[in-house]
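Asks: Sharing a structure below in C-alpha cells format, with a few things to ask.
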Amino acid sequence: MKAPVLVINCGSSSIKYALIPDDGGPRLEGIAERLGSQEALLKAKDSKGQRHETSLPGADHGAALEAIFTSLDGHAPVAVGHRIVHGGEHFTRASRLDDQVIAAVEETSALAPLHNPANLAGIQAARALFPALPQVGVFDTAFHQSLPAHAYRYALPESLYRDHAIRRYGFHGTSHAFVSQRADTLAGSGDHGWLTAHLGNGCSTCAVWQGQSRDTSMGLTPLEGLVMGTRSGDVDPGLHAHLHRQLGWSLDEIDAMLNQRSGLAGLSELTNDMRELEAAAERGHAGASLALEVFCYRIAKSLAALSCALPTLSGLIFTGGIGENSPTVRAKVIAALPHFGLGLDEAANLATLRGREGRIDAGSGPQLWVIPTDEEGQIARETRELLELSA
Ligand code: ADP
Numbered sequence: 144m145k146a147p148v149l150v151i152n153c154g155s156s157s158i159k160y161a162l163i164p165d166d167g168g169p170r171l172e173g174i175a176e177r178l179g180s181q182e183a184l185l186k187a188k189d190s191k192g193q194r195h196e197t198s199l200p201g202a203d204h205g206a207a208l209e210a211i212f213t214s215l216d217g218h219a220p221v222a223v224g225h226r227i228v229h230g231g232e233h234f235t236r237a238s239r240l241d242d243q244v245i246a247a248v249e250e251t252s253a254l255a256p257l258h259n260p261a262n263l264a265g266i267q268a269a270r271a272l273f274p275a276l277p278q279v280g281v282f283d284t285a286f287h288q289s290l291p292a293h294a295y296r297y298a299l300p301e302s303l304y305r306d307h308a309i310r311r312y313g314f315h316g317t318s319h320a321f322v323s324q325r326a327d328t329l330a331g332s333g334d335h336g337w338l339t340a341h342l343g344n345g346c347s348t349c350a351v352w353q354g355q356s357r358d359t360s361m362g363l364t365p366l367e368g369l370v371m372g373t374r375s376g377d378v379d380p381g382l383h384a385h386l387h388r389q390l391g392w393s394l395d396e397i398d399a400m401l402n403q404r405s406g407l408a409g410l411s412e413l414t415n416d417m418r419e420l421e422a423a424a425e426r427g428h429a430g431a432s433l434a435l436e437v438f439c440y441r442i443a444k445s446l447a448a449l450s451c452a453l454p455t456l457s458g459l460i461f462t463g464g465i466g467e468n469s470p471t472v473r474a475k476v477i478a479a480l481p482h483f484g485l486g487l488d489e490a491a492n493l494a495t496l497r498g499r500e501g502r503i504d505a506g507s508g509p510q511l512w513v514i515p516t517d518e519e520g521q522i523a524r525e526t527r528e529l530l531e532l533s534a
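The following block contains the structure:
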C-alpha cells in the first residue's frame with residue numbers, strides 16, 4: 144500500500160476509519176462502535192474485502208484506535224486526517240493539528256457541543272498513539288467559509304454575531320466540495336455553477352460557483368434547512384415560544400423533538416429509513432407518502448432558492464445514501480422544479496444506483512448528475528495536499 148493516510152471520523156461512542164493509499168488501490172476500513180461499554184466492537188474490512196469482528200469490552204477511543212492500528216495488516220500510515228465537524232470562522236481550509244490549532248478547535252466546541260468534543264477525543268488518542276505522525280484536521284464547515292455575508296448573516300442583532308459568532312456556517316462541506324470538483328472534471332472546461340444535494344440521514348444543499356460554496360441550506364447548526372431522517376429542518380422560529388407557552392415544553396425537550404423525533408420519522412410515524420418509506424408508500428401508507436412528498440418538495444424549494452447564488456446553472460448533483468440510490472426521490476425533486484428546463488432521462492435515472500456515477504439528463508437543459516460522495520477520500524486528499532505528501 145503506497146503512502147497511506149489514515150482517515151478518522153470520531154463520534155461520541157464510535158470511530159469510523161479508512162486507510163487510503165496514494166494510488167487509488169483498495170482501502171482498509173471499518174468502524175469501532177459502542178465505545179465506553181462492555182459491548183464495544185471493532186468491525187473491520189481487510190485488504191481482500193473480508194469482514195472481521197473483534198470484541199473490545201470497555202474500550203475507550205484510545206484503546207479502540209490501538210485495535211484499529213493492529214488490524215491494519217502491518218500497513219503504517221504516513222499521516223492522519225481527522226474529520227472535524229465545526230471549524231467556526233477560524234478554519235477556511237484543512238489545518239495541521241498543532242497545540243495552537245487544537246486550542247482553536249476546543250474554543251469552537253461551544254458551537255458544536257455534541258460533535259467537536261468527540262472529534263477532539265480522537266485527535267488526542269491519535270496523537271498519543273502516533274506521536275511522530277503529522278495530523279491534519281479537515282472541517283465540515285471550511286468549504287462554506289466562502290459564503291458572502293448576505294448569505295451567512297441572520298437578521299438578528301449585530302451583537303449576537305460580533306460577540307457570540309451567531310451566523311450561518313453550513314456543514315457537509317467535504318461532500319459538497321468532493322462532488323462539485325468531480326462534476327467540474329466530468330463537465331470539462333468553463334465556469335461551472337452547481338446545485339448539490341447531499342441526501343443521507345443528514346441532508347443539505349449547496350450552491351457552488353467556480354469551485355466555491357456561495358450558499359448552503361444548513362446554518363448555525365445542522366438542524367437548519369431540509370427535512371432529514373429525524374431532524375425537522377426549517378420551522379417557524381416562533382415554534383419554540385409557542386410550544387413552551389402552550390404546552391410547557393422545556394428548551395431541551397423542544398431541541399430533542401426537533402433533532403430526534405421529527406423529519407421523515409416524525410411525519411411518517413414509521414421510520415427514518417428511505418428504503419422502508421418508499422416500500423410503505425407503494426403499499427399505500429399515507430404517512431410514508433406524505434413524508435416522501437414533503438421531503439422532495441423541500442429539496443426542490445431549497446435548490447430553487449439557492450439558484451439565486453449562481454450567475455449561471457451548469458446542473459444539479461445528487462449524492463448521499465438517498466441521492467445515490469433513490470431514482471424516486473431524484474425524479475420527484477426534478478419534477479418539482481418545472482421552470483428550470485430540466486429534462487430527465489428516465490432509463491438512466493433508474494439504472495444509476497449502488498455507488499454508480501452517472502449522468503441522468505436527457506441532453507438538453509442543465510446537466511443532471513449522480514455522483515457517489517467520498518468524504519474519506521477527500522479528507523485523505525486534503526491531508527496530502529496540506530502536507531505536500533504527493534502531487
Ligand atoms: P449518513 O448520512 O448516516 O452517512 P447515508 O448517506 O448512508 O447516511 O444515507 C442513509 C439513507 O440512505 C437512509 O435513509 C437509507 O434508507 C437511504 N438509502 C440507502 N439505500 C437506498 C435505496 N436503495 N433506496 C432508497 N434509499 C436508500
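All letters in the sequence shown, in the order written, are residues 144 to 534 by the working numbering. Don't be surprised by glycine CBs; every beta carbon is placed ideally from N, CA and C.
Which value, in whole angstroms, describes the spacing of the CA atoms of Ala452 and Asp416?
Replies: 31 Å
Asks: Taking only the alpha-carbon atoms, compute the straight-line gap between Gln355 and Ala474 and give it to the nearest angstrom.
Replies: 27 Å
Asks: Roughly how many angstroms lie between the CA atoms of Leu386 and Asn402, to the nearest whole one?
Replies: 15 Å
Asks: DSSP on Asp216, reduced to helix/strand/coil?
Replies: coil
Asks: Look up His258 in the DSSP assignment and say whether it is helix, strand or coil.
Replies: coil
Asks: Under three-state DSSP, which class holds Tyr312?
Replies: coil
Asks: Could you check what DSSP says for Glu419 in three-state terms: helix, strand or coil?
Replies: helix
Asks: Cutting at 8 Å between CB atoms, please list the residues of its own chain near Leu257, excluding the five before and the five after it.
Replies: Ser155
Asks: Does ligand 1 have a heavy atom nearer than 7 Å to the CB of Ser457?
Replies: For Ser457, the distance from the CB to the nearest heavy atom of ligand 1 is not below 7 Å.
Asks: Considering only residues of the segment 391-475, which uninterrupted alpha helix (DSSP H) runs meet the minimum length of 4 residues and lie entirely inside it, listed in chain order?
Replies: 394-403, 406-411, 417-425, 429-449 and 463-468
Asks: Could you tell me the boundaries of the beta strand (DSSP E) in which Ala161 lies?
Replies: Ile158 to Ile163
Asks: Applying the 10 Å Cβ sphere with the 16-neighbour rule, what's the burial state of Gly217?
Replies: Flag for Gly217 reads exposed.
Asks: Along the chain, which unbroken stretches of the alpha helix (DSSP H) at least 4 residues long are found entirely within the segment 489-519?
Replies: 489-494
Asks: In whole angstroms, what is the alpha-carbon distance linking Arg388 and Val378?
Replies: 17 Å
Asks: Going by alpha carbons, who is nearest to Ala429 out of Ser411, Asp203 and Glu301?
Replies: Ser411
Asks: Using only the heavy atoms of ligand 1, determine whether one of them is closer than 7 Å to the beta carbon of Glu367.
Replies: no
Asks: Tell me the residue span of the alpha helix (DSSP H) that contains Thr251.
Replies: Asp242 to Thr251
Asks: Can you tell me the Cα-Cα spacing of Ala264 and Ser450, whole angstroms?
Replies: 39 Å
Asks: Return the first residue and the last residue of the beta strand (DSSP E) that His195 is part of.
Replies: Arg194 to Ser198
Asks: Got a sec: does ligand 1 put a non-hydrogen atom nearer than 7 Å to the Cβ of Arg226?
Replies: no
Asks: According to DSSP, what are the bridge partners of Gln324?
Replies: Gln324 pairs with nothing; no bridge assigned.
Asks: Taking Pro200 as the reference, give the member of Ser214, Leu185, Lys191 and Phe212 with the closest Cα.
Replies: Leu185
Asks: Determine the DSSP secondary structure at Gly265, reduced to helix, strand or coil.
Replies: helix
Asks: Any chance the segment 341-348 sits against the segment 453-467, with 3 or more Cβ pairs inside 8 Å?
Replies: yes
Asks: Could you check the C-alpha separation between Ile266 and Gly192 for me, to the nearest Å?
Replies: Their backbone Cα atoms lie some 27 Å apart in a straight line.
Asks: Let me check one thing: in DSSP terms, what residues is Asp358 bridge-paired to?
Replies: In the DSSP assignment, the residues bridged to Asp358 are Ala350.
Asks: What number of angstroms, rounded off, separates the C-alpha of Pro454 from the C-alpha of Gly486?
Replies: 21 Å
Asks: Going by CA-CA distance only, name the one from Arg325, Ala320, Ala294 and Ser323 that's closest to Leu363.
Replies: Ala294
Asks: Skipping 5 residues on each side, what residues in its chain have a beta carbon closer than 6 Å to that of Glu518?
Replies: Thr317 and Ser318
Asks: In this structure, does DSSP put Ala292 in helix, strand or coil?
Replies: Three-state result, Ala292: helix.
Asks: Leaving out five residues on either side along the sequence, give the residues of the same chain with a beta carbon under 8 Å from the beta carbon of Ala534.
Replies: Confidence in Ala534 is poor, its pLDDT being 43 and thus under 50, which makes the residue's placement too unreliable to answer from.
Asks: Taking 7 Å as the cut-off, is the C-beta of Arg418 nearer than that to any heavy atom in ligand 1?
Replies: yes
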